[in-house]
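Q:
There are 2 protein chains.
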Amino acid sequence: MKILILGADGYLGWPSCLYFSQRGHEVVGVDNYFRRNAGKELDCKPLIQAPDLIQRANIWEEITGKNIKIHIGDITDYEFLLSIFKEFNPDAVVHYAEQPSAPYSMMSRDKAAFTVQNNLITTLNILYAVKEVNPDCHIIKLGTMGEYGTPNIDIEEGWLEIEHKGRKDKFLYPRQAGSLYHTTKVQDTDMLWFYVRTWNLRVTDLMQGPVYGLSTEETDLDPRLVPHFHYDEIFGTLLNRFIIQAVAGYPLTVYGKGNQTRGFLNLRDTMQCVYLSSTQPAEKGEIRIFNQMTESFSVNQLAEKVKKVGDKLGYNVKIESIENPRIEKEDHYYNVNYTGLLDLGLEPHFLTDEVLENIFVIADKHKSSINKDAFFRGISWK
Amino acid sequence: MKILILGADGYLGWPSCLYFSQRGHEVVGVDNYFRRNAGKELDCKPLIQAPDLIQRANIWEEITGKNIKIHIGDITDYEFLLSIFKEFNPDAVVHYAEQPSAPYSMMSRDKAAFTVQNNLITTLNILYAVKEVNPDCHIIKLGTMGEYGTPNIDIEEGWLEIEHKGRKDKFLYPRQAGSLYHTTKVQDTDMLWFYVRTWNLRVTDLMQGPVYGLSTEETDLDPRLVPHFHYDEIFGTLLNRFIIQAVAGYPLTVYGKGNQTRGFLNLRDTMQCVYLSSTQPAEKGEIRIFNQMTESFSVNQLAEKVKKVGDKLGYNVKIESIENPRIEKEDHYYNVNYTGLLDLGLEPHFLTDEVLENIFVIADKHKSSINKDAFFRGISWK
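The listed protein sequences correspond, in order, to chains A and B. The first sequence lines up with residues 0 to 381 when you count with numbering that gives the first Met the number 0. The second sequence lines up with residues 0 to 381 when you count with numbering that gives the first Met the number 0.
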């Protein structure tokens, strides 16, 4: 299969390039280094500085003999994206090229506007390029479980049949997101669904929970293949941040009561989910939605798990509740259905103590480069 | 009241400026002349060429002694918009400044991207300016009945209580729009709702049906105060186009079967709805949604009404079904609830033969300037 990976330098994009390449697929990766540049601007670099994307692809080729072609550029520029589609004519495109941080999107008008423009125009451009070059090309889009928010009813897998005054219809599950970033993902889904039914395209929209972990089978082949692992308030995800806080001797920052519950998954499972989606594509005219998570945890449960493993490893972990800078429900119902990817063949890596220990061990090697100032700056939703 | 009208040069914007001004309110109007420029680019000018916005405001002042202050500029430029908010500090802002045409949004990638960027960034900028200058300022946003699409259940007024597996919650009514333009309106509503609940703002979102008519009490005071009245495929609304086709001796272009049903209202009622919303504002932390329409008609019903009145006036009106360039259901359920604005005091002007005759009479005076090439170019959804 010929697979185009947009956002190829990112936490998920780079390991995905390797995962597909390792399995014999032809991979082209594209990135504009947004995250590297934002990390410099906001003083929140990843734990381990990876070589640039072209260098990483060269290292991969050295080790495996497999080629990943890289383009550096911005896919909000339609002509740039179109030229790649025309040259490569992919069978599937994976869209990781969105501004992915909720706090970033809440920092200022300019960062909010950037998030809207980047996330919606990249998606629009992909839709147009697919239509123009090959309408059969399967679009795999990363959504987020955050699109659903925390409704008081069960979260179904993308769709909801509604009976109202004796009549019935089926709708996209009603969504109500918790940040501007998450709202752009809701908007993306609406845009994808409109063009799918208008142009008869095929789309898989993956509603992904927060991801944890810092290695996959492929990235473990050489230390220089490490994914970009963020632990800061802006680009770090919850569990990753807690582990680095524990290693650094910094209290785990629980926002408010800590009963906020979300669906999580291991980085290795993201690889599986995207791969399974690509090898078993959506039908023409279908937007197929999966809830991409393997387990639910509250913030407090994760803090306790990290403390337990951290204490065992000798870190003396403290947990501290701080005033919640976000506007979110701290006590809520949360029950999610997520059978679609299991039905495709996902074999989950659950969050065991051993999995946590392995992340601690890698993190500890890089302890000296942890920037404690990046853990919490209180970017406020207000 | 100090009222800021964005999109003040448009079909609805200009009569709104006059309506508020006539009733003693202080009005500032802003426009970037997008519609005038697009009309030139696409050879679809309005039926009657109005003086430019600054001139029209001068004419209004000549006639009534009332001042409307005009700014010409683009409110996607945040600093421009913010400077107006800081200088004027409005009590309410009416947002008509969106790219309003479904066919325009379907013409090309560039026009689609323009629609997304213009419609979402203008809305974002208004939200930020209100937050920064005066969070009590009431935002009145024009949505569209097209956000709902044509679901198989009753269309409620913005919200829907859903019972699922024995649990309940209330959501924004699930929406599924029929063009990219209409999809940006869905996206707008999601964005407004996010910031309303995060920043405790007050918003009224008016889900408006297609508007018809070309005069109000205020525009009738002088022929130079006429609103921009479009009858073309791109910017014209359905009933307005049918009347001008009838006057020009051109068959009424019914798309497909013509059973497509929508909610309509008179331009005079749009004035009332916006005015009533502004004098009885939404609460803090509330996004109040009204369905802004007074009657439902199918395309065929409107064609028959126009034919009946046109024939009586001696026009010999023909109706022609043409292949539908849009992707839409031609037979569907349609039952809308719209009591909110009636409860605020709306007194509807229904679509009587007399109302139609009055539009015919004005249109006939401008018969010689009708551009028949603009009626139908077949801008395709495919």
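Just so you know, even glycine gets a beta-carbon here, dropped at the ideal spot from N, CA and C.
#1: Are the Cβ atoms of residue 67 of chain A and residue 23 of chain A separated by less than 7 Å?
#2: What residue from A:71, A:9, A:361 has the CA that sits closest to residue 222 of chain A's CA?
#3: Assign residue 351 of chain B to buried or exposed, taking buried as 16 or more other Cβ atoms, counted over all protein chains shown, within 10 Å of its Cβ.
#4: Here's a check: name, in chain order, each residue in its chain whose Cβ is nearer than 7 Å to the Cβ of residue 363 of chain B, leaving out the five neighbours to either side.
#5: State the DSSP-derived secondary structure class of residue 111 of chain B, mapped to helix, strand or coil.
#6: Which whole runs of the alpha helix (DSSP H) in the stretch 321 to 371 of chain A are 4 residues long or more, in chain order?
#7: Is any beta-carbon of chain B found at less than 7 Å from that of residue 92 of chain A?
#8: Which term fits residue 336 of chain A, buried or exposed, when burial requires 16 or more other beta carbons within 10 angstroms of its beta carbon?
#9: State the Cα-Cα distance for the pair residue 328 of chain B and residue 276 of chain B, rounded to the nearest angstrom.
#10: Between residue 231 of chain B and residue 43 of chain B, is the Cβ-Cβ spacing less than 7 Å?
#11: In the DSSP assignment, what residue or residues form a beta bridge with residue 141 of chain A?
#12: Under 7 Å between C-beta atoms, does residue 120 of chain B make it to chain A?
#13: Name the two residues that bound the continuous beta strand (DSSP E) containing residue 92 of chain B.
#14: Indicate whether residue 199 of chain B and residue 284 of chain B have their beta-carbon atoms separated by less than 7 Å.
#15: Nearest to residue 152 of chain B by CA position, among A:177, A:160, A:150, A:318, is which residue?
#16: Where DSSP assigns a beta bridge to residue 299 of chain A, which residues make up the other side?
#17: On the premise that residue 236 of chain A lies in contact with residue 181 of chain A, defined as a C-beta separation below 8 Å, what is that separation, rounded to the nearest angstrom?
#18: Classify residue 15 of chain B: buried if its beta carbon has 16 or more other beta carbons within 10 angstroms, exposed otherwise.
#19: Decide if the stretch 249 to 261 of chain A is in contact with the stretch 157 to 173 of chain A; the criterion is three or more beta carbon pairs, one per stretch, under 8 Å apart.
#20: Chain B beta carbons: is any one of them nearer than 7 Å to that of residue 77 of chain A?
#21: I need the straight-line Cα distance from residue 268 of chain B to residue 3 of chain B, nearest angstrom please.
#22: Would you say residue 51 of chain A reaches chain B, if we count a Cβ-Cβ gap shorter than 7 Å as a contact?
#23: For the alpha helix (DSSP H) that residue 39 of chain B lies in, which residues bound it at each end?
#24: Over what stretch of residues does the alpha helix (DSSP H) that includes residue 267 of chain A continue unbroken?
#25: To test your reading of the DSSP string, which unbroken beta strand (DSSP E) runs of 3 or more residues are found completely within the stretch 125 to 198 of chain A?
#26: Distance check for residue 125 of chain B and residue 91 of chain B, CA to CA, integer angstroms please.
#27: Identify every run of the alpha helix (DSSP H) within the stretch 215 to 264 of chain A, keeping only runs that are complete inside it and at least 4 residues long; order them along the chain.
#28: Could you list which residues in chain A have their beta carbon closer than 7 Å to that of residue 150 of chain B, in chain order?
#29: Run down chain B in chain order and give the residues with a C-beta less than 9 Å from the C-beta of residue 201 of chain A.
#30: I need the boundaries of the beta strand (DSSP E) containing residue 285 of chain A, first residue and last residue.
#31: Nearest chain A C-beta to residue 182 of chain B closer than 7 Å, yes or no?
#32: Between which two residues does the alpha helix (DSSP H) containing residue 282 of chain B stretch?
#33: Tell me the rounded alpha-carbon separation between residue 52 of chain B and residue 147 of chain B.
#34: Decide yes or no for the touch test of the stretch 90 to 107 of chain B against the stretch 256 to 263 of chain B: beta carbon pairs closer than 8 Å, at least 3 of them.
#35: My output table needs one value for residue 30 of chain A: the three-state DSSP class, helix, strand or coil.
#36: Below 8 Å on the Cβ atoms is my contact criterion, and I expect residue 217 of chain A with residue 17 of chain A to pass it. Report the Cβ-Cβ distance as a whole number of Å.
A: Taking the coordinates as given:
#1: no
#2: A:361
#3: The residue is exposed, with fewer than 16 neighbouring Cβ atoms inside 10 Å.
#4: 246
#5: Here residue 111 of chain B sits in helix by DSSP.
#6: 339 to 343, 352 to 364
#7: no
#8: exposed
#9: Cα to Cα, residue 328 of chain B sits roughly 32 Å from residue 276 of chain B.
#10: yes
#11: A:205
#12: yes
#13: 91 to 94 is the span of the beta strand (DSSP E), which, as asked, contains residue 92 of chain B.
#14: yes
#15: Per the Cα distances, A:160.
#16: In the DSSP output, where bridge partners are listed per residue, residue 299 of chain A has none listed.
#17: Residue 181 of chain A to residue 236 of chain A, Cβ: 13 Å. No contact.
#18: buried
#19: no
#20: Closer than 7 Å to some Cβ of chain B, the Cβ of residue 77 of chain A qualifies, so yes.
#21: 20 Å
#22: no
#23: 33 to 40
#24: Counting along the chain, the alpha helix (DSSP H) containing residue 267 of chain A begins and ends at 266 to 278.
#25: DSSP runs (the beta strand (DSSP E)) wholly in the stretch 125 to 198 of chain A: 137 to 143, 158 to 163, 166 to 171.
#26: 11 Å
#27: 237 to 247
#28: 168
#29: Residues of chain B passing the Cβ test: none, with the nearest at roughly 16 Å.
#30: 285 to 291
#31: yes
#32: Following the DSSP letters along the chain, one finds residue 282 of chain B in no alpha helix (DSSP H), marked with neither H nor E.
#33: 33 Å
#34: Touching, no, given that fewer than three Cβ pairs across the two stretches are closer than 8 Å.
#35: strand
#36: 4 Å
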